[in-house]
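Peer 1:
There are 2 protein chains.
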Amino acid sequence: MKLVSPGEAAANSNDIPAEAGEEFVRIGEMAKKYGVTLRTLRFYEDKGLLNPKRDGSTRLYTRRDKARLKLILLGRKVGFSLRDVKQMMDLYDPTGSNTKQLRLALDKSEKQLARLQKQRALIEDAINELSNSMTVVRHMLTERAVPQASAAG
Amino acid sequence: MKLVSPGEAAANSNDIPAEAGEEFVRIGEMAKKYGVTLRTLRFYEDKGLLNPKRDGSTRLYTRRDKARLKLILLGRKVGFSLRDVKQMMDLYDPTGSNTKQLRLALDKSEKQLARLQKQRALIEDAINELSNSMTVVRHMLTERAVPQASAAG
DNA sequence: CGCACCTTTTACGTTTACGTCAATCCTATA
DNA sequence: TATAGGATTGACGTAAACGTAAAAGGTGCG
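Residue numbers (this note's numbering), protein chains in the order written: chain Y, 91 to 243; chain V, 91 to 243.
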């Protein structure tokens, strides 16, 4: 099963990348490098977000994959779904101006920004309501003599 | 199947509750009144959060159920899980001071408040990152001449 | 009487992003 | 060669809160 063997130099994880030519990393190293699990990397691949090369059956990630993973993680961080991320990535064309991609990204971003702001408002609402409730409960706890308050039965 | 028939007065939904004695409402009215679906009410019952009386197989909700539902909805609004809500409600004892219940509620509330604040921070982070990205993308769109930026392949 | 409307129970489906085995395989190292 | 450490695919599990469909029973009204 070993017809091709690129980057044979780096055998185990903690080898010094040292020189250039350290093009490929395996899944374990990739995972550590970006703080994700192996499962996650395979999952992203399954969803068409990553496309590492193979040495037989072993996945080999290049810096292209790293760039993509970075984008995925950024996308996740700002709240995009993986589907959104994929949709945007799929539009990437190395030979063009990527105007369509950028427009789509901007469009989705605007919507996502709106969602985030709405969420923030909801959370602030919740914080306020919860704080109020806590105040009430604290009073109920200190002034022991509240037969019928707003508590349930 | 109709041995008991309390509150016979209000047959269909939009009847005027009018006088007192309108103790029981059926699921449809209850749902409209609180803006939830029938499914939700049954689901809450299934989870032990509600316990309407029955006329045969028909659910009859009293103001006790309404009070509980209000609490459930408040709990959900501030981000508690139904399990949390149930746990707190289960501690209610109409004959006691409910100190334990109140303490538990306060304890959970503090933790939830912390979670909410953390969430808010995350969201604000996301908003900032997203805003930055949008600025970048906008620049890329206006200055048509960016061969290799941080886009993926 | 028949239709429209409400209600019931049962139970599988949905969504998202992985977690957690399980069974195998390959490889470097002592 | 035995053993430990990675890696592979496959597939079910999880969490939350219902949605939705199916099949059927009860009820008032015209």
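No residue lacks a Cβ here, since even glycine has one placed at the ideal position from N, Cα and C.
Mind checking if A121(Y) is an interface residue toward chain V, Cβ cutoff 8 Å exclusive?
Peer 2: Here residue 121(Y) is taken as the residue at index 31 of the first sequence, counted from 1. Taking 8 Å as the CB threshold, A121(Y) stays off the interface with chain V.
Peer 1: DSSP beta-bridge partners for R144(Y)?
Peer 2: Within the first sequence, residue 144(Y) is the residue found at index 54, counting from 1. Answer is R149(Y), bridged to R144(Y).
Peer 1: Using a cut-off of 8 Å between C-beta atoms, extract the partners of R210(Y) located in chain V.
Peer 2: Counted from its first residue, the first sequence places residue 210(Y) at position 120. Within chain V, the residues near R210(Y) are R210, I213, E214, I217.
Peer 1: Could you round the C-beta distance between L220(Y) and L206(V) to whole angstroms and report it? I think they count as a contact, below 8 Å.
Peer 2: Along the first sequence, one-based indexing puts residue 220(Y) at 130. Along the second sequence, one-based indexing puts residue 206(V) at 116. A Cβ-Cβ distance of about 7 Å is found for the pair L220(Y) and L206(V), placing them in contact under the 8 Å criterion.
Peer 1: How about R158(V) and M178(V): are their beta carbons less than 8 Å apart?
Peer 2: For the purposes of this step, residue 158(V) is identified with residue 68 of the second sequence, where counting begins at 1. For the purposes of this step, residue 178(V) is identified with residue 88 of the second sequence, where counting begins at 1. The answer is no: Cβ separation not under 8 Å.
Peer 1: At the 8 Å Cβ level, is L196(V) part of the contact set with chain Y, yes or no?
Peer 2: Against the second sequence, residue 196(V) aligns to sequence position 106. For L196(V), the answer is yes, since a Cβ of chain Y falls inside 8 Å of its Cβ.
Peer 1: As an exercise, report each continuous beta strand (DSSP E) stretch of at least 3 residues that is fully enclosed by the stretch 145 to 233 of chain V, in chain order.
Peer 2: 148 to 150
Peer 1: Can you name, in chain order, every residue of its own chain whose Cβ lies under 7 Å from the Cβ of Q172(Y), other than the five neighbours on each side?
Peer 2: Translated into positions along the first sequence, residue 172(Y) becomes position 82. The identity of residue 172(Y) in the sequence shown is Leu, whereas the question assumes Gln. Apart from the 5 residues on each side of it in sequence, L172(Y) sits with its Cβ closer than 7 Å to the Cβ of K137, L139 in its chain, given in chain order.
Peer 1: Assuming I213(Y) and R210(V) are in contact, meaning their beta carbons sit under 8 Å apart, how far apart are those beta carbons, in whole angstroms?
Peer 2: Position 123 of the first sequence, counting from 1, holds the residue named residue 213(Y). Position 120 of the second sequence, counting from 1, holds the residue named residue 210(V). Going by Cβ atoms, the distance from I213(Y) to R210(V) rounds to 5 Å, so yes, they are a contact pair.
Peer 1: Just to make sure I have the definition right: I need the residues of chain V whose C-beta is within less than 9 Å of the C-beta of R149(Y). Which are they?
Peer 2: The residue you call residue 149(Y) lines up with position 59 of the first sequence. By Cβ distance, chain V contributes nothing, its closest Cβ being about 17 Å from R149(Y), past 9 Å.
Peer 1: So S199(Y) and M224(V) are in contact, right, with Cβ under 8 Å, and what is the actual spacing, rounded?
Peer 2: Sequence index remark: in the first sequence, residue 199(Y) carries index 109 (1-based). Sequence index remark: in the second sequence, residue 224(V) carries index 134 (1-based). That belief holds up - the Cβ atoms of S199(Y) and M224(V) are roughly 5 Å apart, short of 8 Å.
Peer 1: Starting from the C-beta of Y151(V), find all residues in its chain whose C-beta is less than 6 Å away, skip the five residues before and the five after it, and write them out in chain order.
Peer 2: Taking the second sequence and counting its residues from 1, one reaches residue 151(V) at position 61. So the list reads V115, M120, P142, once near-sequence residues are dropped.
Peer 1: Around the C-beta of A204(Y), are 16 or more other C-beta atoms found within 10 angstroms, so that it is buried, or is it exposed?
Peer 2: Taking the first sequence and counting its residues from 1, the one referred to as residue 204(Y) is at position 114. Flag for A204(Y) reads exposed.
Peer 1: Using alpha carbons as the reference points, say which of K123(Y), R132(Y), D215(Y) lies closest to R153(Y).
Peer 2: Residue numbering aside, residue 153(Y) sits at position 63 when the first sequence is read from its first letter. That would be K123(Y), whose Cα lies nearest to the Cα of R153(Y).
Peer 1: Nearest-angstrom Cα distance between E135(Y) and D155(Y)?
Peer 2: Against the first sequence, residue 135(Y) aligns to sequence position 45. Against the first sequence, residue 155(Y) aligns to sequence position 65. Their Cα atoms are separated by approximately 10 Å.
Peer 1: Can you tell me where the alpha helix (DSSP H) holding G118(Y) begins and where it ends?
Peer 2: In the first sequence, residue 118(Y) corresponds to position 28, counting from 1. Run containing G118(Y): 117 to 124, per the alpha helix (DSSP H) assignment.
Peer 1: Kindly list, in the order they appear in chain Y, the residues whose Cβ is closer than 9 Å to that of G169(V).
Peer 2: In the second sequence, counting from the first residue as 1, residue 169(V) sits at position 79. The contacting residues are I213, A216, L220.
Peer 1: What's the gap between the Cα of P107(Y) and the Cα of L131(Y)?
Peer 2: The residue you call residue 107(Y) lines up with position 17 of the first sequence. The residue you call residue 131(Y) lines up with position 41 of the first sequence. Confidence at P107(Y) is low in this model, with a pLDDT of 40, below 50, so the placement of that residue should be treated as unreliable; the coordinate-derived value is given next. Distance between the alpha carbons of P107(Y) and L131(Y): 21 Å.
Peer 1: What in chain Y is Cβ-close to R228(V), meaning under 9 Å?
Peer 2: As a working note, residue 228(V) is residue 138 in the second sequence. Residues of chain Y passing the Cβ test: L192, L196.
Peer 1: Assuming K160(V) contacts A216(Y) (C-beta within less than 8 Å), just tell me the rounded distance between them.
Peer 2: To locate residue 160(V), count along the second sequence from 1; it is residue 70. To locate residue 216(Y), count along the first sequence from 1; it is residue 126. Rounded, the Cβ-Cβ distance is 16 Å, inconsistent with contact.
Peer 1: T225(V) CB to nearest chain Y CB: under 8 Å?
Peer 2: Taking the first residue of the second sequence as 1, we reach residue 225(V) at position 135. Not flagged as an interface residue toward chain Y: T225(V), since no C-beta distance is shorter than 8 Å.
Peer 1: Applying a beta-carbon distance threshold of less than 8 Å, which residues of chain Y neighbour Q244(V)?
Peer 2: For residue 244(V) there is no data in the structure shown, the boundaries of chain V being 91 and 243.
Peer 1: Would you check if the distance between the CB atom of F170(V) and the CB atom of Q202(V) is smaller than 8 Å?
Peer 2: Against the second sequence, residue 170(V) aligns to sequence position 80. Against the second sequence, residue 202(V) aligns to sequence position 112. Yes, the pair counts as a contact, with Cβ atoms nearer than the cut-off.
Peer 1: Can you grab the Cα-Cα spacing for the pair D174(V) / D174(Y), in whole Å?
Peer 2: Walking along the second sequence from the start, residue 174(V) turns up at place 84. Walking along the first sequence from the start, residue 174(Y) turns up at place 84. Cα to Cα, the separation comes out at about 33 Å.
Peer 1: Measure the CB-CB distance between L181(Y) and L196(Y) and report whether it falls below 8 Å.
Peer 2: Here the question's residue 181(Y) lines up with position 91 in the first sequence. Here the question's residue 196(Y) lines up with position 106 in the first sequence. Going by C-beta atoms, L181(Y) is not nearer than 8 Å to L196(Y).
Peer 1: Take R149(Y) and list the residues in its own chain whose beta-carbon comes closer than 6 Å to its own, dropping the five residues that flank it on each side.
Peer 2: One-based indexing of the first sequence puts residue 149(Y) at position 59. Closer than 6 Å at Cβ, skipping near neighbours: I117, P142.
Peer 1: Buried or exposed for G165(Y), please, with buried defined as at least 16 other CB atoms from any protein chain shown within 10 angstroms of its CB.
Peer 2: Stepping through the first sequence from its first residue, residue 165(Y) is reached at position 75. With 16 or more other Cβ atoms within 10 Å, it is buried.
Peer 1: Cβ closer than 9 Å: which chain V residues qualify as neighbours of L206(Y)?
Peer 2: In the first sequence, counting from the first residue as 1, residue 206(Y) sits at position 116. Here the neighbours are I213, E214, A216, I217, L220.
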